[in-house]
Amino acid sequence: MSPFLSFIQKEFHHIFRDHRTMLILLGIPIIEVILFGFAITTEIKNSKIAIFDPSNDIATQRIIERFKASDYFDVVQYVHSSKEIQQVFRQNKAQLVMAFDERFYETLLHTGKANIQLIADATDPNTATTITNYASSIISSYQQELMGQNKVPYQITPVIKLLYNPQMKGSFNFVPGVLGMILLLISAMMTSIAIVREKEIGTMEILLVSPMNPLAIILAKMVPYFLLSCVNLTTVLLISVFVLHVPIAGSLGGLILVSLIFLLVSLALGMLVSTLTDSQLVAMLMSSAVFMLPVILLSGMIYPIANMPIWLQWLSNIIPAKWYISAVRSIMIEGLNITFVFKEIMVLILMFVILVAISLKKFKVRLE
Amino acid sequence: MINYLIEKEFKQIRRNPFLPRLILAYPLMVLLIFPWAANYEIRNLNVSLIDNDHTTYSQQLTQKIVSSGYFRLTNLSSTNQQALQSIESGKADVIVEIPPHFERDLINQQTSNVMIDANAVDGTKGGLASLYLTDIVKNFATDVREKWIPQGNAANSIPIIDIISQNRYNIHLNYQNFMVPALMVMVLTILAGFLPALNIVGEKEAGTMEQMNVTPVPKFTFILAKLLPYWIIGSIVMTIGFGIAWAFYGLVPAGHFITLYLFSAIYILTVSGLGLVISNYSDTMQQAMFIMFFFVLVLILMSGLFTPINSMPQWGQWMAAFNPMSYFIQVMRSIYLKGSELPDLIPQFFALIGFAVFFNGWAVISYRKNN
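Listed in order, the protein sequences are those of chains A and B. Under our numbering, the first residue of the first sequence is numbered 13, with each subsequent residue one higher. Under our numbering, the first residue of the second sequence is numbered 23, with each subsequent residue one higher.
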């Protein structure tokens, strides 16, 4: 058997004899993809609304009925003074307070005009804007009812089509992001201790006196982890399709090709951390605590990159997950074929080459 | 005796040059960079416009869309095919197609239509884009109506409900005000969670744990000596966070610092306790890291930090009720922006105390001296 193969065999023994760690490695992606696939969404539903209704007449009741029937709102409580409005906000009991005028219906009938105040807790500006919009359109629909059958002249009907995701499912947007995040972090965390661990327990010396060259050591160490990552890739893709019901609209082959390249980049990233650090503790903190945030926040997984300032958009280019997530969205959701993600594939390959090159350069063939 | 143990812990932390640097640099890095990234304002949506009419009205409608502030006209397409390509290449978010004879139909038949195709891969974005456009189109129709039907006509004397909307606590709708207090919680969770998680198991791997076990140190004292350093580190991290929020984002709490520190103190104990429990059960640092990573990710992504808890399915909301981070984020945002005081936050206060007692009690029980 060639030395390279027997080296790989040794690595396999190292990893596969620790059953508990294996179980953790293969279990985490399954649970997290299911949890986040269902739970992460920016759709705004069930917003808590409190109502200040001093007039309590037929019109206000009809409007409140409409709010109760709506999916967007849960009527949580009635308030009776402006001091109480302050209170519900400070205790986080409601996100929106709808305040009617006194003698609402009477005023509406006699003067032809009445007021409703929508007071939003703008702590979360996005939710505040959106639920104010929803509330306004519910009130307008009551207004339409008031106008009765009068056919309104000069109407323009908007004909709306929601492309690729007609039900506006949050999972369509977030599943590719969750896949990218989980695969990258788990893979990088696995390889991040591959070399530094040998340094710490003292077996590195034995490796260094062997006839293996550094490139062979780095590649051989990646092989078993690559296989583990492939198992993870398979499970998360199966979960996306069969549990989260996110279809693969484009080519499966293309998706797998991009994913495999992405796994290699992630493993190489961990490997680089492993060659640069001197202790397992540092390697682990780097690959988990330090990598976690850029991967979540700068990859476009939750926050659109187009919204960021230019310097951050530029910075986001060095996050491998950004390219992967964009490629997966194109192939899986938009159903484009592989030629559309050519750029992403090229960038990922380039990243892999650079990462391995730096690891090689920093690989110390001598112990201090 | 405990002061010697604590001294030992600090020496171990200081010995590794990476740790003190991480503790100081990490909050700085996170709070300087990520508030700029965590921005979900839906503005500047890119529109690809197909104007098949080329009349005054179609131009007025286009003008109205552009001047709304939500949309940016990126390109004019001549066919739907071409517009679809600009969506596929990511240049446009939504297509607006004005049909031929738009103006003629509107004036002669008093009705017309406009086609709106939104890219809904991001469902929320697509939904909002079409919501905004619908609003604009309806407003445009009202303008036309008011022009053609003179005032005082029956069609205009419909009772009108005026909607007055008001935004409280963050009147300029600044997204950073919303994110900065919560990002502090995230930094704290990661540092005060990961470091203890790798601590006890690190001693197991290094072999120094056996030395500890043969000393007469009681279990409770041992765990307490492990906790207190992280408690101090956590307080330093929070103080750095408060400083950055003030210096770079002009953000000072509307409530009291005392309330902030009180809640921080309880919360640090909670996450460090969780870390120690994980450390106790792990055989290797690698295991501890993976398990802690698992929990930190669940804590962060299901806490209402980035996406609202109300939008999660029922079981997710139920899980959030057992997520200490979701309570502390609520507390931080309420104290910072709304000026909530302890009496407003009683449920969160007892929930966090409960978690702290639970995790640290478990840490004491699960620490075994005899194996």
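Cβ coordinates follow ideal geometry from the N, Cα and C atoms, glycine included.
Between the CA atoms of residue j and residue i - distance to the nearest angstrom
{"i": "residue 86(A)", "j": "residue 57(A)", "result": "9 Å"}
{"i": "residue 68(B)", "j": "residue 305(A)", "result": "28 Å"}
{"i": "residue 329(A)", "j": "residue 335(A)", "result": "8 Å"}
{"i": "residue 397(B)", "j": "residue 201(A)", "result": "Because chain B is modelled from 23 through 393, residue 397(B) falls outside the range shown and cannot be assessed."}
{"i": "residue 176(B)", "j": "residue 46(A)", "result": "A caution first: residue 176(B) carries a pLDDT of 48, below 50, which makes its placement in the model unreliable, though a value can still be read off. Near 57 Å, if we compare the C-alpha coordinates of residue 46(A) and residue 176(B)."}
{"i": "residue 315(A)", "j": "residue 55(A)", "result": "14 Å"}
{"i": "residue 183(A)", "j": "residue 349(A)", "result": "21 Å"}
{"i": "residue 199(A)", "j": "residue 289(A)", "result": "17 Å"}
{"i": "residue 191(B)", "j": "residue 134(A)", "result": "6 Å"}
{"i": "residue 255(A)", "j": "residue 293(A)", "result": "36 Å"}
{"i": "residue 39(B)", "j": "residue 295(A)", "result": "13 Å"}
{"i": "residue 335(B)", "j": "residue 51(A)", "result": "6 Å"}
{"i": "residue 291(B)", "j": "residue 341(A)", "result": "40 Å"}
{"i": "residue 187(B)", "j": "residue 215(B)", "result": "42 Å"}
{"i": "residue 272(B)", "j": "residue 367(A)", "result": "39 Å"}
{"i": "residue 205(A)", "j": "residue 311(A)", "result": "24 Å"}
Neighbour flag for residue i against chain A, beta carbons, 9 Å
{"i": "residue 160(B)", "result": "yes"}
{"i": "residue 185(B)", "result": "yes"}
{"i": "residue 343(B)", "result": "no"}
{"i": "residue 259(B)", "result": "no"}
{"i": "residue 133(B)", "result": "yes"}
{"i": "residue 88(B)", "result": "no"}
{"i": "residue 271(B)", "result": "no"}
{"i": "residue 225(B)", "result": "no"}
{"i": "residue 48(B)", "result": "yes"}
Below-9 Å beta-carbon distance, residue i vs any chain B residue
{"i": "residue 354(A)", "result": "no"}
{"i": "residue 74(A)", "result": "no"}
{"i": "residue 142(A)", "result": "yes"}
{"i": "residue 386(A)", "result": "In the structure as shown, chain A starts at 13 and stops at 380, and residue 386(A) therefore has no counterpart that could be examined."}
{"i": "residue 151(A)", "result": "yes"}
{"i": "residue 332(A)", "result": "no"}
{"i": "residue 120(A)", "result": "yes"}
{"i": "residue 70(A)", "result": "no"}
{"i": "residue 78(A)", "result": "no"}
Per DSSP, the bridge partner or partners of residue i
{"i": "residue 89(A)", "result": "62(A)"}
{"i": "residue 121(A)", "result": "Answer is none; residue 121(A) lacks a bridge partner."}
{"i": "residue 189(B)", "result": "132(A)"}
{"i": "residue 126(A)", "result": "183(B)"}
{"i": "residue 73(B)", "result": "120(B)"}
{"i": "residue 173(A)", "result": "139(B)"}
{"i": "residue 68(B)", "result": "94(B)"}
{"i": "residue 337(A)", "result": "Paired residues: none, contrary to the question."}
{"i": "residue 168(A)", "result": "134(B)"}
Boundaries (first-last residue) of the beta strand (DSSP E) holding residue i
{"i": "residue 141(B)", "result": "133-141"}
{"i": "residue 118(B)", "result": "116-120"}
{"i": "residue 367(A)", "result": "Element bounds for residue 367(A): not the beta strand (DSSP E) but the alpha helix (DSSP H), 354-374."}
N-terminal and C-terminal residue of the alpha helix (DSSP H) that residue i is part of
{"i": "residue 43(B)", "result": "40-59"}
{"i": "residue 354(B)", "result": "346-355"}
{"i": "residue 36(B)", "result": "24-37"}
{"i": "residue 95(B)", "result": "First-last for residue 95(B): 93-98, but that is the beta strand (DSSP E), not the alpha helix (DSSP H)."}
{"i": "residue 101(A)", "result": "94-102"}
{"i": "residue 108(A)", "result": "Not the alpha helix (DSSP H): residue 108(A) falls in the beta strand (DSSP E), residues 108-112."}
{"i": "residue 209(A)", "result": "206-213"}
{"i": "residue 25(A)", "result": "15-28"}
{"i": "residue 315(B)", "result": "307-323"}
{"i": "residue 53(A)", "result": "Neither: residue 53(A) is in no alpha helix (DSSP H) and is coded neither H nor E."}
{"i": "residue 78(A)", "result": "70-81"}
{"i": "residue 346(A)", "result": "Where residue 346(A) is concerned, there is no enclosing alpha helix (DSSP H), given that its DSSP letter is neither H nor E."}
Amino acids of chain B, ordered along the chain, whose beta-carbon sits closer than 8 Å to that of residue i
{"i": "residue 173(A)", "result": "137, 138, 139 and 140"}
{"i": "residue 254(A)", "result": "Here the premise fails: no neighbours, minimum Cβ distance about 18 Å."}
{"i": "residue 101(A)", "result": "190, 191 and 360"}
Residue i: contacting residues in chain A (beta-carbon distance under 7 Å)
{"i": "residue 309(B)", "result": "32, 33 and 36"}
{"i": "residue 192(B)", "result": "134, 135 and 137"}
{"i": "residue 60(B)", "result": "309 and 315"}
Per-residue contacts from residue i into chain A (C-beta, under 8 Å)
{"i": "residue 306(B)", "result": "30 and 33"}
{"i": "residue 330(B)", "result": "54, 56, 136 and 139"}
{"i": "residue 91(B)", "result": "Near residue 91(B) there are no residues of chain A at all, since even the closest Cβ is about 12 Å away, more than 8 Å."}
Contact set between residue i and chain A, taken where Cβ atoms lie within less than 9 Å
{"i": "residue 34(B)", "result": "None at all; the shortest Cβ gap to chain A is about 10 Å."}
Residue i: contacting residues in chain B (beta-carbon distance under 7 Å)
{"i": "residue 238(A)", "result": "None at all; the shortest Cβ gap to chain B is about 18 Å."}
{"i": "residue 51(A)", "result": "324, 334, 335 and 338"}
{"i": "residue 59(A)", "result": "332"}
Neighbour list for residue i in chain B, Cβ cutoff strictly below 9 Å
{"i": "residue 127(A)", "result": "183, 184, 185 and 186"}
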